[in-house]
Amino acid sequence: GEGIMHELMGYDYIIVHEAAHEWWGNSITAPDFAEIWLHEGFATYSEALYMEDKVNYDTYLKILKTYGATIKNARPLIGPYGVSFFDYDDSDVYMKGAYTLHTLRVFLDNDDLFFKILKDFYQQNAYSITSTKQFIELVEQNSNKDLQWFFKQYLYTAAAPVFEYTITM
């Protein structure tokens, strides 16, 4: 929880989170509380990115591991539309949102591309209402990949993905 984050980050992490809202969340606006992950997931992810920049990648991974331990997978990140639904006790929009961005970064395996996507999404949608759909379209356009399966799993499905593998000798 908060004590672990303070220990890992060495200060009150909420400062970074709220500063991210000032930069990102006051410019990029979700169309509905159903897509609040665009605010909270990105702000939470910025905490880990900040520590990667200020300390190192291992600290970034420790923070993400801490986030991952709190993910409940109780409901999809994209909630019901048109009902002003948002429960601050549902930490998944924060932690699973951040972890989804981390997983996308790892999947793309190209930091230049990943950070270009984030910058482009911000620049193309600054001071406007945007959507998860627009984010997905930008990711697919820049990566030249059909990632509907990825976003369906991480944003529109509650359950964690199942890792399947085969050992061949």
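Under the working numbering, residues 16 to 184 are what the sequence shown spells out, in order.
For every residue, glycine included, the Cβ atom is placed at its ideal position computed from N, Cα and C.
Predicted, not measured: the structure shown is a model, and the values here were computed from it.
Can the beta-carbon of residue i be found less than 9 Å from the beta-carbon of residue j?
{"i": "Thr201", "j": "Pro95", "result": "In the structure displayed, the chain extends from 16 to 184; residue 201 sits before or after that span and is not available."}
{"i": "Ala141", "j": "Ile51", "result": "no"}
{"i": "Val31", "j": "Tyr65", "result": "yes"}
{"i": "Glu62", "j": "Ala35", "result": "yes"}
{"i": "Leu116", "j": "Phe166", "result": "no"}
{"i": "Leu153", "j": "Phe136", "result": "yes"}
{"i": "Glu33", "j": "Gly112", "result": "no"}
{"i": "Ile132", "j": "Ser158", "result": "yes"}
For residue i, which residues does DSSP report across the bridge?
{"i": "Thr44", "result": "Ile144"}
Comparing C-alpha positions only, which one of the options sits nearest to residue i?
{"i": "Gly83", "options": "Glu62, Pro176, Tyr114", "result": "Tyr114"}
{"i": "Asp102", "options": "Ala49, Trp164, Leu162", "result": "Ala49"}
(request) Pair every Cβ in the stretch 143 to 160 with every Cβ in the stretch 96 to 112, then say whether three or more of these pairs are closer than 8 Å. (result) no
(message) Which runs of the alpha helix (DSSP H) at least 4 residues long sit entirely within the stretch 52 to 115? Give them in chain order.
(response) 52 to 69, 72 to 83
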